[in-house]
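Okay, so the sequence shown: first residue is 1 according to the UniProt record's numbering, each after it adds one.
Idealized CB from N, CA, C, for every residue including glycine.
Source: prediction; values computed, not measured.
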Amino acid sequence: MVVGRTMPQAIINYLIFTVAVSGICRCQAFLLTRTNLECFDDYREKQNANTLLYMDSHLACESVVRKRSKLKVLHSKQDIDVELEKWLLAKATEEMCSNMKACSTIEDHGPFFRCYSTTAMQGAHTSLGMHFNASAVAIELNDDLGEDQKDVMRCTLQARQKFTDDWIDIYRQLLRCLDSI
1 MVVGRTMPQA IINYLIFTVA VSGICRCQAF LLTRTNLECF DDYREKQNAN
51 TLLYMDSHLA CESVVRKRSK LKVLHSKQDI DVELEKWLLA KATEEMCSNM
101 KACSTIEDHG PFFRCYSTTA MQGAHTSLGM HFNASAVAIE LNDDLGEDQK
151 DVMRCTLQAR QKFTDDWIDI YRQLLRCLDS I
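Quick look at the structure:
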């Protein structure tokens, strides 16, 4: 969650952004085909639904914990091999950097930029995985939190991960739709 913003505020900002983007697309409709507009309309509807689902899931976390429902624990403090987790993060970082460096050796402009485009997208996916894994471990290692607080944080982390995974999937659907035109 963005520091300094409440969850509903972030959701509202996202919805305003999607409406603005949709409006810009509509204003420039003379440049877009009807099929393009259908792709963007489908994307907007799916992202709005995904955002609302995330908001509901996020807000439900505290009430779920109050009911003492057992949440799926991603890690438990006793099961965490801190050195292994640190090594995995370092290895993923090295791999991303190595992939980027490989792109820099390409001399032809077209393949050079395609390499960076592809590698950056893969790196973004890897970075998100690193973020969620590190966040889950950080929750378990935080001795200042009670079990109820950890349960809420685990729940919201799972909701955030589902939202992000779905967001990426919906974005890829948009790209496939636009590429098929």
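Three or more Cβ pairs closer than 8 angstroms define a contact, and the stretch 52-63 meets that threshold against the stretch 155-173. For the pair Asp143 and Gln149, the Cα-to-Cα distance works out to about 11 angstroms.
Under the DSSP assignment, Gln173 falls in the alpha helix (DSSP H) whose first and last residues are Glu147 to Asp179.
With a threshold of 16 other beta carbon atoms within 10 Å, Ile181 falls short and is exposed. When secondary structure is reduced to three states using DSSP, Asp144 falls in the coil class, being assigned neither helix nor strand. For Leu59, the closest alpha carbon among the candidates Trp167, Asp179 and Cys155 is that of Cys155. Only buried fits Cys39, as 16 or more other CB atoms lie within 10 angstroms of its CB.
The Cβ atoms of Cys177 and Asp42 sit closer than 8 angstroms to each other.
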